[in-house]
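J.: The sequence shown runs 712 to 1555 under the working numbering. Every residue gets a Cβ at the ideal spot worked out from N, C-alpha and C, and that includes glycine.
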Amino acid sequence: MKKILLSLSALTIGATPAVSLLNVGQKQVITQVTSEIQKKIDETSVLFKAPIITNAQKQNSDVTTNWLNAQKVSDISNIDSALSYANFNAEKYDMKSAQKTLNKIYKDKDYKYKNEDATSELIFGAADKGVSLLENSIGDDGLKVESVNELLNWISYVSFASGGSLKADKFDSSILKFADKISFVKTFKHYPAPSYSQLWNEGVRTYRGLKFYALSNFNSFMSVNFGLTSETGGWNFKIQDEGSSNIARNFFNASSAMYKEVFSKDDQKVSKHEFKFTSDSVAYLLNFIYSLSYYIDAFNQPEYMLDPSMVSDQNHLFSPYKTNLEIMNEVYNKSISKENIDKRSLNGILSIFYDIMYKGSDPNGYRSSRVLKILFQVDDDITDGNKKLDLNTKVIRAGSSVTSAFYTAGEWKNNITGPNGIFNTLLASLVKGFLDNLLSWWIQIILSVLQLSTENLGSILAGLISSILSGIDMKYFFENLSSQLNKTLNNIYGWGLWGSIGSQVKKPLEKQLTSMGFGTNNSPNKTPTGNFKNKPTDDFIDYLDQIMKKFNNIKVSENSTETWSLFDNLFNQLLNQKGRLQSILKLFNVNLPIDMSNKSVKDIFGINVLGISIGDVITLILKGFDSSLPLFYKILGLLATLTGSEISNEYNFFIKGQEKPISIDKVLGYTPTDGRTSDLAIIWSMMKFVKDENGKNKVLGIRPKNSNNTEEEKIWGHKAWKYLLGLNYDDKSYNQDSILFYVNELLTNGLTAKIIQWPIKMTRKYIDYNLSDITFNRNKKMSYWSNKDLFSTQFVSFKEEAKQEVLNYKIMYKVKKDVYYTYNVSVYKENTSSKYKINSFSRI
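1. What number of angstroms, rounded off, separates the C-alpha of G725 from the C-alpha of N1535?
2. Have a look at K1540 and S792 and give me their C-alpha separation to the nearest angstrom.
3. Just to confirm, is the Cβ distance from L1086 to G1132 under 8 angstroms?
4. Given this structure, state the Cα-to-Cα distance separating T1638 from I1426, to the nearest angstrom.
5. Could you pull the start and end residues of the beta strand (DSSP E) that Q1505 belongs to?
6. From T1504 to F759, what distance separates their C-alpha atoms?
7. Express the C-alpha separation of I886 and L1353 in angstroms, rounding to a whole number.
8. Could you check how far apart the C-beta atoms of D1053 and S906 are, in whole angstroms? I think they sit under 8 angstroms.
9. What residues match up with N1625 in a beta bridge as DSSP calls it?
10. If you measure between the beta carbons of I1093 and S1170, is that distance less than 8 angstroms?
11. Can you tell me the Cα-Cα spacing of G1210 and K1246, whole angstroms?
12. The beta strand (DSSP E) that contains Y1381, what's its start and end?
13. Along the chain, where does the alpha helix (DSSP H) containing Y1362 start, and where does it finish?
14. For D991, which residues of its own chain have a beta-carbon under 6 angstroms away from its beta-carbon, when the five flanking residues on both sides are left out?
15. What number of angstroms, rounded off, separates the C-alpha of A767 from the C-alpha of K1521?
16. Measure the CB-CB distance between Y1204 and V1042 and report whether it falls below 8 angstroms.
17. Going by beta-carbon coordinates alone, are N780 and N826 separated by less than 8 angstroms?
18. Within 10 Å of its beta-carbon, does P903 have 16 or more other beta-carbons around it, so buried, or fewer, so exposed?
19. Between the C-alpha atoms of Y1065 and F963, what's the straight-line distance to the nearest angstrom?
20. Pairs of beta-carbons, one from the segment 739-753 and one from the segment 1508-1523, closer than 8 angstroms: are there three or more?
21. Which one of M1021, P762, G945 and K783 has the shortest CA to CA distance from F1587?
22. What first and last residue would you give for the alpha helix (DSSP H) that runs through R1078?
23. I need the straight-line Cα distance from K1430 to V1378, nearest angstrom please.
24. Quick check for students: name the residue ranges of the alpha helix (DSSP H) that lie wholly in the segment 1271-1326, counting only runs of 4 or more.
25. Check whether the Cβ atoms of S966 and N912 lie closer than 8 angstroms to each other.
26. So does the segment 1158-1178 actually touch the segment 997-1004, counting three or more Cβ pairs closer than 8 angstroms?
27. What does the Cβ neighbour count give for W1395, buried or exposed, with the cut at 16 atoms within 10 Å?
28. Looking at the unbroken alpha helix (DSSP H) that takes in P762, where does it start and where does it end?
29. When DSSP labels each residue in this structure, what does G1071 get in the three-state scheme?
30. Starting from I1179, trace the alpha helix (DSSP H) in both directions and tell me its first and last residue.
31. Check this for me: beta carbons of V859 and L1350, under 8 angstroms apart or not?
32. Looking only at DSSP bridge pairs, what is A1120 linked to?
33. What are the start and end residues of the beta strand (DSSP E) that includes R1414?
34. When you compare the CB positions of L926 and L1137, do they come within less than 8 angstroms of one another, or not?
35. Count the other CB atoms, across all protein chains shown, that sit within 10 Å of the CB of F1215; report buried if there are 16 or more and exposed otherwise.
36. Buried or exposed: where does E688 fall if 16 or more other Cβ atoms within 10 Å of its Cβ makes it buried?
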């Protein structure tokens, strides 16, 4: 018998035998355990594992119960059942009644313990939910609207649940300070390259209009950096009348007036304006660069891309039959191309480098000088060896008679309105603005005698500068410059009886030359001073002649007698002729670290490094740079929107039921510093719900300040702050240039999608690790605490009454070595039911 009882005690909750059996009236009280009674004890005692572990190990009752509910009964006891703890107990007990009793037990201080993992579970559980929503929001083609909406709802709930602990004032000022440090990114909130629709809205219809749009943005850039305002002649030009030459004339007049102000001085002869670069000008600079590139790219179409072998001379670079200026006029009148412009590429500007590194045969540099003609060509006299390109023809030529004054000015005097190089009009206006400040009224009277004005001088100087920059043969011009200028000046000096008229030109001119040292002992001319003592004009002419000879006879190298001219197709010579680059640098006292006397620039580009030429490497880098710029702009655009502070200036805020707008303080729940607040602070505050004067949550709405002020234009509730964030839920789209717009744009790029998803994946791993760590530690502890070997039972009594049976027993739980807790258990089952109820449970 003893062996049988000992074997029974080895069950899940072991039994200690009772010793007697009594029969009292209609009650039968059994005090000796039987196998049937032991089975009842084993099955009913399973339920009490939860409160015993809760009490003995000081664990949270919910955590303990939830863990046990998921376990198979066979794993935590010797009962052979595939049911879970929860289902097994539900089979044995009236759980509605049992749960009420357990709830009372768990309210006792000895059974009421905090979940030690609660904070971690809350944080990582919430993070797990958020990351899951975030992962579901990202698709192959960017952000999924429905999933993003669900994610934003979750963020709003978290924000609301945080109460006052996560108010926007915690981060508002930090965002503003950071934004001030990177203020340049404001430029990139809107894509910096003008689109076709933007150009159209600005009045640009043809490439003529595009040319002046580009130049206008350059002037805006200069105007802002020189600090000009609307009161001081700030740039404010509109593209109009582009179908005629009026646009060129209007631009020239406005540009001349602006540069006159730029170069103006006060009464103390100090410049009124100083160039100081500001980040506000970056948008104009980028608009200029891109619109200039679009203009150049119009000449990169197949019909204008001649093979160098088909080019006859410098004036037929785009067509065998039409001159460069005829092609420019043709392009001028073409409508701008939506397809090419909306590529938003710098291919036009970069083509100057692509042309330089052209790998085909181009001994005359025709391909490499195409862009220079687009930018700077003045007229048709640009062919090699052209004798019409000289001072007398293009600039000034005076006869011996004063009547020749009517024919003095050269062909370049009216060089501002034609379809020529893009920069001629701009250069002419800049020079005119400078001269209008520099020249006194009486010098301008003298110029008028010569049938010249500051406009003519600006046009002539622009023609000269542009011709030099256009990369043409100007050797004849500079070889004859000093002699032709000398003859012209001597003729002018002799005008009138005994030079009476000419002296009005000679005196101020020689006074200016004398102030520069000519005709004095301090003359810049290295010729012995005595030859030109008190002859400033002759001294200047001789000095000019020496300089021209020097630049027309540059030695290729110290050990060579070969010379070349700086003015003879300089661009082509540098590219194709050996030693030109080194010799010109040496002329300006710049020494290269290696000998390049036997190399041209093209030779350098042709050098192979690891099987690829330097030129090809540079080309690949430039193309990669151009193709990666849109991505770079989007990243900066996202940064600009994240640090923006424009919403408070662009929108009015309303509480539903109130007609008048509310102050930004009401939206935020605090007063922003200096009246500024970040866009994220407003959005976050709206997520948390706005409270009225009574502290009750109110529905908030927004309406643009530049609207028609109608009720229909208001956006309410969650749609409002989502709209500010960039989600237009009604249209299932993202608002242009918003936070969500740029995130969506970045996610459509494979590389950036991986970059953005990487921290999400890392966060997912971190969350999963911490949640699994909590689960692992809990499983480890609970598995040990619920071990069946720690529990044993001792039968007390079993009563069979008329309406019910009552079972009493003890449960002993081993807390640690030689330490046991004992619990009295009493359960009963009504004869009309198959399930037990708890009569009592307590620790002794």
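T.: The relevant details are as follows:
1. Only weak support is given to the placement of G725: the predicted model assigns it a pLDDT of 37, under 50, and the question is left unresolved by the model.
2. 22 angstroms
3. Taking 8 angstroms as the Cβ cut-off, L1086 and G1132 qualify as a contacting pair.
4. Residue 1638 falls outside the range modelled here, since the chain spans only 712 to 1555, and no answer is possible.
5. F1502 to E1511
6. 12 angstroms
7. 8 angstroms
8. 6 angstroms
9. Since the first residue of the chain shown is 712 and the last is 1555, residue 1625 is not available in this structure.
10. no
11. 16 angstroms
12. Y1381 -> no beta strand (DSSP E), and no H or E assigned at all.
13. From DSSP, Y1362 is part of no alpha helix (DSSP H) but of the beta strand (DSSP E) over Y1362 to I1366.
14. Answer for D991: V935, listed in chain order.
15. Cα to Cα, A767 sits roughly 15 angstroms from K1521.
16. no
17. Result no, Cβ atoms of N780 and N826 do not sit closer than 8 angstroms.
18. buried
19. 32 angstroms
20. yes
21. A question about residue 1587 goes unanswered here, because the residues of the chain that appear run from 712 up to 1555.
22. Here R1078 belongs to no alpha helix (DSSP H), and DSSP marks it neither H nor E.
23. 16 angstroms
24. 1281-1287, 1291-1298 and 1312-1316
25. No, the pair does not count as a contact, with Cβ atoms beyond the cut-off.
26. No, because fewer than three Cβ pairs between the segment 1158-1178 and the segment 997-1004 fall closer than 8 angstroms, the two stretches do not touch.
27. Buried is the call here.
28. K760 to A767
29. Here G1071 sits in coil by DSSP.
30. T1165 to L1180
31. no
32. I1107
33. Looking at the DSSP string, the run of the beta strand (DSSP E) that includes R1414 is L1411 to P1415.
34. yes
35. Looking at the sequence provided, one finds Gln at residue 1215 rather than Phe. That one is buried.
36. Residue 688 is absent from the structure shown; the chain starts at 712 and stops at 1555.
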